[in-house]
Amino acid sequence: MQSGRRLFLQMLATEALAVALPQRSFGQEKPIDKKTFMYKTVEQCEIKADVYRHSADKTRLVVIWIHGGALIMGHRGQIDQALLGKLLKAGYAVVSLDYRLAPETKLLAILEDLQDACKWIREKGPELFHIDPKRVAVMGGSAGGYLTLAAGFRVNPRPTALVSFWGYGDIAGPWYSRPDPFYSKMPLVPKEEAYKAVGGPVISASTGRNNRSRFYLYCRQQGLWPKEVTGHDPDKEPKAFDDFCPVRNVSEKYPPTLLIHGTNDTDVPYEQSEMMAKELDNKGVKHELITVKDAGHGLAGAKPSVVAKAHDRVLAFLREQMGQVRNP
1 MQSGRRLFLQ MLATEALAVA LPQRSFGQEK PIDKKTFMYK TVEQCEIKAD VYRHSADKTR
61 LVVIWIHGGA LIMGHRGQID QALLGKLLKA GYAVVSLDYR LAPETKLLAI LEDLQDACKW
121 IREKGPELFH IDPKRVAVMG GSAGGYLTLA AGFRVNPRPT ALVSFWGYGD IAGPWYSRPD
181 PFYSKMPLVP KEEAYKAVGG PVISASTGRN NRSRFYLYCR QQGLWPKEVT GHDPDKEPKA
241 FDDFCPVRNV SEKYPPTLLI HGTNDTDVPY EQSEMMAKEL DNKGVKHELI TVKDAGHGLA
301 GAKPSVVAKA HDRVLAFLRE QMGQVRNP
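Residue 305 in our numbering is what sits at position 305 of the sequence shown, and the numbering runs on without skipping anything.
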C-alpha cells in the first residue's frame, strides 16, 4: 500500500508547482520568449494562456498544450519541459492553456473554455504571436489528453493533429464511475475533508494551496468523479454522457491522432487508449498507439531513453500531419 501511495503522491506532486515558469533557453542558443495572455473572463475569473516561442517574428506552426489534473486541479505551468524544449527547437510556437476547474465549474463549461481558447488562438494568434491559424495541433496529458481527444469533435475547425498522452475517451465507464481498486487501498478520505477542499469561487488554476487532490482521491474511492465533474449521474442519465465521450464521437472527419500510454497505469487504464485506437481504426482515421510496457501514469518507471523516443515520435508525427516547419 505504501508503494501505491507514493505513486499517487508522485502523480499529484506537480500540483504544487508555481504557475509561472521563468524564461529558459532549454539548452538552445536562441532565446525563448514567453508571454501570458488572458483569453477569456467568466464570473471575474481570468482564464489565461502562456505562449512560448523564439523571439523572432517568423510565422510559426502552433501546438496547443492542455494540462492534466483530473479537471479538478492543475495549471498551465504544468508542461513537460523536455518536450517543450524539443517543440520549440523544432520551430513550433506552444500555447499552454488554463481552463476552469471542476467541481465548481462543470464539464460542459470546461469544454466551452477549450473551444473558446482554440478560437482565440486562430483569430488572435496571427497578430499577437505570429502563428499559422490553418495548422493547429492539440496535445495534453491525462485529463489534458481527454480534452485533446474532445477537441477532435468539439472544436471547429477541427485541429490538424491530436496527441493524447495517457488520456481517455470514456468518462462514464466503471473505471471512473465505480470505486477504484487502486485508490481504495489508501486510507479513505472523509467526505467533510474532501468537500472542504473545493466549493469556493470559480477558479482556472490550482497550485495546491487548497489540497484539491484530497477531493480527487475521495471521488475515485467513491466512484463519484463523473457525477461531480459533469453534474450528471452515469447510471441514471447514461445518454447525458454521449456529448462528453470522445470514443462515442469518432467519425471519418476526426483528426489524425497519436496515443501514448503505459501498460501499468493505475490512474487511467491503458485500455482507455486501446479503446480509442479501436474506434479510430473502425472509422478509418489515421492513428497510432505507442505502448510503453510496464510504465505507470505519466510513463512513471519508464527509462529516460524510452520517454525520449516517445517524444521523438511526437515530433515526427507532427511533421507528417502539419508539414515541415520552415526556418526553426
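Every residue, glycine too, gets a C-beta built ideally from N, C-alpha and C.
Predicted, not measured: the structure shown is a model, and the values here were computed from it.
Distance CB(residue i)-CB(residue j) smaller than 7 Å
i    : j    : result
R220 : A197 : no
P304 : E228 : no
G169 : L162 : no
I203 : L101 : yes
Y99  : I110 : yes
R214 : E193 : yes
W175 : P269 : yes
H67  : G173 : no
L83  : H311 : yes
A137 : V63  : yes
G223 : S184 : no
F317 : L259 : no
L61  : V306 : no
A49  : L97  : yes
P133 : I171 : no
Residue i (DSSP reduced to helix, strand or coil)
i    : result
Y270 : coil
T230 : helix
E329 : Any question about residue 329 goes unanswered here, given that the chain covers just 1 to 328.
E46  : strand
H75  : coil
E252 : coil
R100 : coil
E288 : strand
A93  : strand
H311 : helix
G141 : strand
F244 : coil
P133 : strand
V63  : strand
K35  : strand
K400 : In the structure displayed, the chain extends from 1 to 328; residue 400 sits before or after that span and is not available.
G323 : coil
Inter-residue spacing [alpha-carbon to alpha-carbon] between residue i and residue j
i    : j    : result
G231 : T41  : 22 Å
M73  : A205 : 7 Å
E274 : L315 : 22 Å
S164 : M276 : 10 Å
C118 : G296 : 30 Å
G125 : V292 : 35 Å
K58  : F129 : 9 Å
T148 : K89  : 23 Å
V95  : I79  : 10 Å
F241 : R154 : 14 Å
Y216 : D113 : 21 Å
H287 : P190 : 42 Å
Neighbour-count burial assignment, residue i, 16 or more Cβ in a 10 Å radius
i    : result
D235 : exposed
A150 : buried
T36  : exposed
K283 : exposed
P31  : exposed
S25  : With a pLDDT of only 40 at S25, under 50, the local geometry of the prediction cannot be trusted, and the value read off the model is given with reservation. The residue in question, S25, is exposed, as its Cβ has fewer than 16 Cβ neighbours within 10 Å.
G199 : exposed
G141 : buried
P256 : buried
Q321 : buried
P181 : exposed
M139 : buried
G85  : buried
P159 : buried
P201 : exposed
G323 : exposed
D294 : exposed
Q272 : buried
P246 : buried
L108 : exposed
L188 : exposed
7 Å Cβ cutoff, residue i in contact with chain D
i    : result
P159 : The structure shown contains no chain D; it holds only a single protein chain.
Report the start-end ranges of each beta strand (DSSP E) in the stretch 148-215 that is 3 residues or longer and not cut off at the edges.
Counting whole runs of 3 or more residues, the stretch 148-215 contains the beta strand (DSSP E) stretches 161-165.
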